[in-house]
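To keep things clear, I will list the structure first and then write my remarks on it.
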Amino acid sequence: MTDTAPPAETLADALARCAEAVAVELDRVIARAQPVSDRLMRAMRHAALAGGKRLRPFLVIESAALFGVPMPRALPAATALECVHCYSLVHDDLPAMDNDDLRRGQPTVHRAYDEATAILAGDALLTLAFELLAEPAADPDPAVRIALVAALARAAGGEGMVGGQMLDLAAEGRFADAGRPAPDLSGVARLQELKTGALLRQACAAGALLGRASPAEAADLHSYSQAIGRAFQIADDLLDVEGDAVAVGKAVGKDSAAGKATFVELLGVAGARAELAKLVEQAHAALAGFGTRATLLQEAARFIAERRN
Numbered sequence: 006m007t008d009t010a011p012p013a014e015t016l017a018d019a020l021a022r023c024a025e026a027v028a029v030e031l032d033r034v035i036a037r038a039q040p041v042s043d044r045l046m047r048a049m050r051h052a053a054l055a056g057g058k059r060l061r062p063f064l065v066i067e068s069a070a071l072f073g074v075p076m077p078r079a080l081p082a083a084t085a086l087e088c089v090h091c092y093s094l095v096h097d098d099l100p101a102m103d104n105d106d107l108r109r110g111q112p113t114v115h116r117a118y119d120e121a122t123a124i125l126a127g128d129a130l131l132t133l134a135f136e137l138l139a140e141p142a143a144d145p146d147p148a149v150r151i152a153l154v155a156a157l158a159r160a161a162g163g164e165g166m167v168g169g170q171m172l173d174l175a176a177e178g179r180f181a182d183a184g185r186p187a188p189d190l191s192g193v194a195r196l197q198e199l200k201t202g203a204l205l206r207q208a209c210a211a212g213a214l215l216g217r218a219s220p221a222e223a224a225d226l227h228s229y230s231q232a233i234g235r236a237f238q239i240a241d242d243l244l245d246v247e248g249d250a251v252a253v254g255k256a257v258g259k260d261s262a263a264g265k266a267t268f269v270e271l272l273g274v275a276g277a278r279a280e281l282a283k284l285v286e287q288a289h290a291a292l293a294g295f296g297t298r299a300t301l302l303q304e305a306a307r308f309i310a311e312r313r314n
């Protein structure tokens with residue numbers, strides 16, 4: 006009898022496996038945190054357990070897997086990053102920011118509860134992320150844990166995601182004393198490298214730290230994460246123009262209504278799709294040195310470019 010190798014895991018199966026593991030872990034760590042207010046805990050759960058692709062934790066887990074790190078070992082860092090992502094969505098949706106009523110097909114946290122509760126639920130998720138990274142379960146080496154904490158803080162803060170959010174508000178002309186920057190491709194790219202790209206880059210950087218990647222290997226993952234970060238935003242811009250609110254799970258057409266410059270506005274739909282194709286090629290090329298170990302990450306680049314929600 007001839008032995009046959011088990012079929013390779015599909016990207017859809019891998020995403021589902023990671024999403025389920027992260028959801029279970031989020032449920033566990035929120036319950037473990039035992040906020041003094043039941044309302045606060047329910048709001049945190051509303052923010053964190055409403056589904057979603059869990060793309061950022063998937064990237065942590067699969068980047069670490071390149072170096073033989075099993076999913077349970079990568080799960081604390083993956084969950085910490087998802088806590089930061091979920092917090093950012095809660096705050097992004099607030100009336101003072103994007104003023105959205107729908108997220109992942111359900112009412113946003115400030116609509117389901119109230120603005121004050123939503124702010125505090127976001128704060129609690131953000132701080133929970135760093136608690137998770139500081140614990141020995143995140144990595145047995147304290148130096149690696151410190152590096153994970155520092156890297157996530159930079160990616161999430163004023164020189165990363167939050168800085169990008171500030172640039173995004175400025176692009177809408179929110180600040181009378183600052184004027185409104187003229188739209189150009191480099192400005193849009195810089196904004197999105199921070200607002201959207203910073204956490205995607207951090208996901209791959211965390212995997213490299215957990216896997217003790219060499220400088221060259223970490224650089225290849227960084228190149229990959231830069232390509233998928235821009236691809237993610239271009240796909241998002243296309244969805245804002247062409248998407249259906251029910252399928253996307255949030256309001257569409259808001260960027261145009263706000264008069265914001267986007268990749269689609271500056272490149273056109275055809276130009277944006279051509280740029281997406283180039284970015285997928287760049288992402289694939291960046292991982293070529295990892296061989297078949299990187300198959301799922303390469304497939305993820307195409308998934309990001311072609312996503313419909």
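Numbering (our numbering), first residue to last: 6 to 314. For every residue, glycine included, the Cβ atom is placed at its ideal position computed from N, Cα and C. Being a predicted model, the structure only gives us computed values, none of them experimental.
Query: Cβ neighbour criterion (16 or more within 10 Å) applied to residue 212; Result: buried
Query: Between the CA atoms of residue 53 and residue 314 - distance to the nearest angstrom; Result: 18 Å
Query: Residue span of the alpha helix (DSSP H) that contains residue 170, given as start and end; Result: 166 to 176
Query: C-beta contact flag for residue 153 and residue 88 at 8 Å; Result: no
Query: Other residues of its chain near residue 232: CB distance less than 6 Å, five sequence neighbours each side excluded; Result: 284, 287, 288
Query: Residue 39 versus residue 133: straight-line alpha-carbon distance, rounded; Result: 11 Å
Query: Selected residue, minimal CA-CA separation from residue 26, among 209, 41, 77, 16; Result: 77
Query: Between the CA atoms of residue 273 and residue 216 - distance to the nearest angstrom; Result: 40 Å
Query: Counted within 10 angstroms of its Cβ, other Cβ atoms place residue 44 as buried (16 or more) or exposed; Result: exposed
Query: Segment contact, 8 Å Cβ cut-off, at least three pairs: the stretch 196 to 215 with the stretch 159 to 177; Result: yes
Query: Beta bridge counterpart(s) of residue 206 as assigned by DSSP; Result: According to DSSP, residue 206 bridges with nothing at all.
Query: Exposed unless 16 or more other CB atoms sit within 10 angstroms - verdict on residue 6; Result: At residue 6, the pLDDT of 41 sits below 50, so the modelled position is not reliable and the matter cannot be decided from this model.
Query: Sequence-distant residues of its chain with Cβ nearer than 7 Å to residue 101 (five each side left out); Result: none
Query: Closest by C-alpha distance to residue 65, when choosing among 50, 290, 189, 82; Result: 82
Query: Boundaries (first-last residue) of the alpha helix (DSSP H) holding residue 54; Result: Taken as a continuous stretch (DSSP letters only), residue 54 belongs to no alpha helix (DSSP H), as it is neither H nor E.
Query: Touch test, the stretch 167 to 177 against the stretch 16 to 30, Cβ-Cβ under 8 Å, three pairs minimum; Result: no
Query: Through-space distance from residue 140 to residue 241, alpha-carbon basis; Result: 35 Å
Query: Per DSSP, cross-strand counterpart(s) of residue 107; Result: 112
Query: Beta-carbon proximity check, residue 172 vs residue 196, cutoff 8 Å; Result: yes
Query: Coarse secondary structure for residue 48, derived from DSSP in three states; Result: helix
Query: Residue 14 burial status per 10 Å Cβ neighbour count (16 or more: buried); Result: exposed
Query: Residue 294 classed as buried or exposed, judged by whether at least 16 other C-beta atoms fall within 10 angstroms; Result: exposed
Query: Distance CB(residue 356)-CB(residue 86) smaller than 8 Å; Result: Outside the shown range of the chain (6 to 314) lies residue 356, about which nothing can therefore be said.
Query: Segments of 4+ residues assigned as alpha helix (DSSP H) that fall wholly inside the stretch 71 to 149; Result: 76 to 97, 114 to 117, 120 to 139
Query: Reduced DSSP secondary structure (H/G/I, E/B, other) of residue 19; Result: helix
Query: Spatial distance of residue 179 from residue 185 (CA atoms); Result: 8 Å
Query: Simplified DSSP state of residue 13, which is helix, strand or coil; Result: coil
Query: Enclosing alpha helix (DSSP H) for residue 230 [first to last residue]; Result: 220 to 247
Query: Cα-Cα separation, residue 70 to residue 182; Result: 48 Å
Query: Option in 276, 270, 99, 281 with minimal Cα separation from residue 174; Result: 99
Query: Simplified DSSP state of residue 313, which is helix, strand or coil; Result: coil
Query: Beta-carbon proximity of residue 280 to residue 234, cut-off 8 Å; Result: no
Query: Residues of its chain near residue 127, where Cβ-Cβ distance is below 6 Å and the 5 sequence neighbours each way are ignored; Result: 92, 95, 96
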